[in-house]
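See structure below.
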Amino acid sequence: MTISEIVRKHINEKDYSVSKIRQGTNLGSGTLDSLLNANANPTIKSMVKLAILLDIDMNEFKEIDEWK
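This note's numbering puts the first residue of the sequence shown at 1137, with every later residue one more than the last.
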């Protein structure tokens, strides 16, 4: 899986809008759009913000294909 796929999966499970994600994480629209379109890797700080908002177990990020 990619970071984008993990985050999108949780967004869909929670039925959150991208607007709600932006507001809840305080990430810029460009940052979030790049992440969701798999054009950039987020910082650890951004990943933690997303994990908290979306209730993602940080261990899921260990399965990211591009980091293996």
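C-beta: ideal position from N, C-alpha, C; glycine also.
6 Å CB neighbourhood of residue i in its chain, flanking five on each side removed
{"i": "LEU1194", "result": "The displayed chain sequence assigns Met, not Leu, to residue 1194. Cβ within range, chain order: ALA1187."}
{"i": "LYS1185", "result": "THR1161"}
{"i": "LEU1189", "result": "GLY1160 and THR1161"}
{"i": "HIS1146", "result": "LEU1190 and ILE1192"}
Range of the contiguous alpha helix (DSSP H) that encloses residue i
{"i": "ASP1169", "result": "1165 to 1172"}
{"i": "ILE1142", "result": "1139 to 1150"}
Where residue i falls: helix, strand or coil (DSSP)
{"i": "ASN1177", "result": "coil"}
{"i": "ASN1162", "result": "coil"}
{"i": "ASP1201", "result": "helix"}
{"i": "SER1182", "result": "helix"}
{"i": "SER1153", "result": "coil"}
{"i": "ILE1192", "result": "coil"}
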